[in-house]
Amino acid sequence: MPSQPASAPPDLPSSVQIVPGEGGLPLVRVTGSAGSAEVYLHGAHVTAWAPVGQEPVLWLSAASRFTDGAAIRGGVPICFPWFGAKAGHPGAPAHGFARLLDWALVDAREERDDVVLTLGLADSDATRASGWPHPFEARYTVTIGEHLTLALHVTNRGREPVQFEAALHTYLRVRDIRATEVAGLQGAPFIDQLAGPGARPGEHSPIRFDAETDRAYLGTQATTTVHDTGARRTITVAKDASNSTVVWNPWIAKAAAMADFGNDEWTGMLCIETCNIRDDAVALAPGESRTMTAVLSVGG
Ligand code: BG6
Numbered sequence: 025m026p027s028q029p030a031s032a033p034p035d036l037p038s039s040v041q042i043v044p045g046e047g048g049l050p051l052v053r054v055t056g057s058a059g060s061a062e063v064y065l066h067g068a069h070v071t072a073w074a075p076v077g078q079e080p081v082l083w084l085s086a087a088s089r090f091t092d093g094a095a096i097r098g099g100v101p102i103c104f105p106w107f108g109a110k111a112g113h114p115g116a117p118a119h120g121f122a123r124l125l126d127w128a129l130v131d132a133r134e135e136r137d138d139v140v141l142t143l144g145l146a147d148s149d150a151t152r153a154s155g156w157p158h159p160f161e162a163r164y165t166v167t168i169g170e171h172l173t174l175a176l177h178v179t180n181r182g183r184e185p186v187q188f189e190a191a192l193h194t195y196l197r198v199r200d201i202r203a204t205e206v207a208g209l210q211g212a213p214f215i216d217q218l219a220g221p222g223a224r225p226g227e228h229s230p231i232r233f234d235a236e237t238d239r240a241y242l243g244t245q246a247t248t249t250v251h252d253t254g255a256r257r258t259i260t261v262a263k264d265a266s267n268s269t270v271v272w273n274p275w276i277a278k279a280a281a282m283a284d285f286g287n288d289e290w291t292g293m294l295c296i297e298t299c300n301i302r303d304d305a306v307a308l309a310p311g312e313s314r315t316m317t318a319v320l321s322v323g324g
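Below, the structure is given as structure tokens:
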């Protein structure tokens with residue numbers, strides 16, 4: 025899909041540089057006093073973040089594509105304005121168009137120990153032709169420091185009400201998924217996307233992994249804590265204005281079937297996705313906005 029029209033780049037603080045990234049795609053490199061990150065304009069895609077003194081927190085596939093028309097595999101793809109396949113539009117890209125388009129860097133500034141990037145995307149011929157013809161404006165604020173705060177702000181710029189889904193499809197790096205546990209979603213009903221559409225009752229125990237896992241927890245605002253026992257650390261994903269959480273690991277066969285995912289890489293990743301999907305899709309009246317936020321933190 026073609027990119028958004030270029031706008032004048034903002035003045036950059038010394039902690040922010042724009043450099044050619046993988047595949048020559050423009051990459052915003054942030055080296056802040058409390059944390060560092062890499063963000064591609066392609067998809068407004070955060071591909072790396074670490075607080076100072078910490079190992080990388082986000083997982084990125086060594087087999088990822090970095091090219092127009094393809095989503096980067098790893099980091100934090102933005103799924104918008106639909107999640108998964110678009111009903112009634114078999115040719116529409118999975119997880120929406122936002123991760124395939126080039127966003128504009130609107131602002132970059134330092135705020136105390138943090139570096140704050142703002143990226144923007146608006147409707148274009150490409151988005152209107154995709155099966156979602158609505159005028160919209162999206163602002164994505166990425167705050168890089170001891171925490172990583174991701175805030176997706178969507179405004180309905182049209183004259184009709186709109187409905188959309190969104191996900192901050194966060195790929196976390198873990199030492200070994202088989203020795204990883206996810207707490208916080210106990211009791212929340214979920215749809216097992218590998219089994220069928222009906223919701224299953226919540227479970228009593230934290231999630232452990234011994235097979236492909238693809239679950240959509242609906243109606244939950246809970247903070248999720250990933251206990252990475254191999255690395256002896258926890259990663260916490262807190263959220264605001266998000267009512268769904270997806271938990272995904274492709275395991276062996278699905279990883280092998282994906283061209284942009286290394287055959288053995290499934291052991292080292294886990295997706296905890298901050299979402300509003302399915303029954304939790306967002307409805308906006310004309311002029312109305314909603315901001316969905318995820319906050320990542322690392323602990324011992
Ligand atoms: C997850 C979905 O969010 O994304 C999975 O729940 C899907 O069903 C996965 O396989 C990856 O999707 P994609 O389009 O990036 O390969």
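Take the position in the sequence shown, starting the count at 1, then add 24; the result is the number in this note's numbering. We put the beta carbon where it would ideally sit given N, CA and C, even for glycine. No experiment lies behind these values; they were computed from the predicted model shown.
By DSSP's criteria, residue i is part of a beta bridge. Which residues make up the other side?
| i | result |
| --- | --- |
| Met316 | Leu176 |
| Glu205 | Arg232 and His251 |
| Glu134 | Val139 |
| Phe188 | Val306 |
| Ala374 | Here the chain comprises residues numbered 25 to 324, so residue 374 is not present and cannot be evaluated. |
Assuming the contact rule is C-beta atoms closer than 8 Å, residue i and residue j should be a hit. Round their C-beta distance to whole Å, please.
| i | j | result |
| --- | --- | --- |
| Gln245 | His228 | Not confirmed; about 20 Å, so no contact. |
| Asp264 | Thr317 | 4 Å |
| Gly292 | Val198 | 6 Å |
| Leu176 | Ile102 | 7 Å |
| Glu79 | Ala255 | 7 Å |
| Pro50 | Ala132 | At roughly 13 Å, the Cβ-Cβ gap does not stay under 8 Å, so Pro50 and Ala132 are not in contact. |
For residue i, count neighbouring C-beta atoms within 10 Å of its own C-beta (all shown protein chains included) and say buried if the count is 16 or more, exposed if not.
| i | result |
| --- | --- |
| Ala12 | No statement about residue 12 is possible, as the shown extent of the chain runs from 25 to 324 and does not include it. |
| His69 | buried |
| Ser154 | buried |
| Val76 | exposed |
| Ala190 | buried |
| Thr248 | buried |
| Gly120 | buried |
| Ala109 | exposed |
| Asp234 | exposed |
| Ala327 | Coverage of the chain is limited to positions 25 through 324, which leaves residue 327 absent and any answer about it impossible. |
Less than 6 Å between C-beta atoms, sequence neighbours within five positions excluded: which residues of the same chain meet that for residue i?
| i | result |
| --- | --- |
| Gln187 | Ala305 and Ala307 |
| Ala162 | Leu145 and Val178 |
For residue i, verify whether its CB is less than 7 Å away from any heavy atom of the ligand PLP.
| i | result |
| --- | --- |
| Trp290 | The ligand PLP is not part of this structure, which contains only the ligand BG6. |
Quick one: residues in its chain with C-beta nearer than 7 Å to the C-beta of residue i, no 5 flanking neighbours on either side, listed in chain order?
| i | result |
| --- | --- |
| Pro117 | Leu124 |
| Gln41 | Arg53 |
| Ala240 | Phe214, Ile215, Gln217, Ser268, Val270, Ile301 and Arg302 |
| Gly286 | Ser85, Ala86 and Ala87 |
Does the Cβ-Cβ distance between residue i and residue j come in under 8 Å?
| i | j | result |
| --- | --- | --- |
| Gly325 | Ala72 | Residue 325 lies beyond the stretch modelled for the chain, which goes from 25 to 324, so this question has no answer here. |
| Ser194 | Ile296 | Looking at the sequence provided, one finds Thr at residue 194 rather than Ser. Going by C-beta atoms, Thr194 is nearer than 8 Å to Ile296. |
| Asp149 | Leu65 | no |
| His171 | Val319 | yes |
| Trp156 | Pro105 | yes |
| Thr298 | Ser266 | yes |
| Pro310 | Arg152 | no |
| Glu312 | Trp275 | no |
| Ala61 | Ile201 | no |
To which residues of the same chain is residue i closer than 8 Å at the C-beta, ignoring the five residues directly before and after it?
| i | result |
| --- | --- |
| Gly98 | Thr71, Leu82, Trp83, Leu84, Ser85, Ser88, Tyr195 and Met293 |
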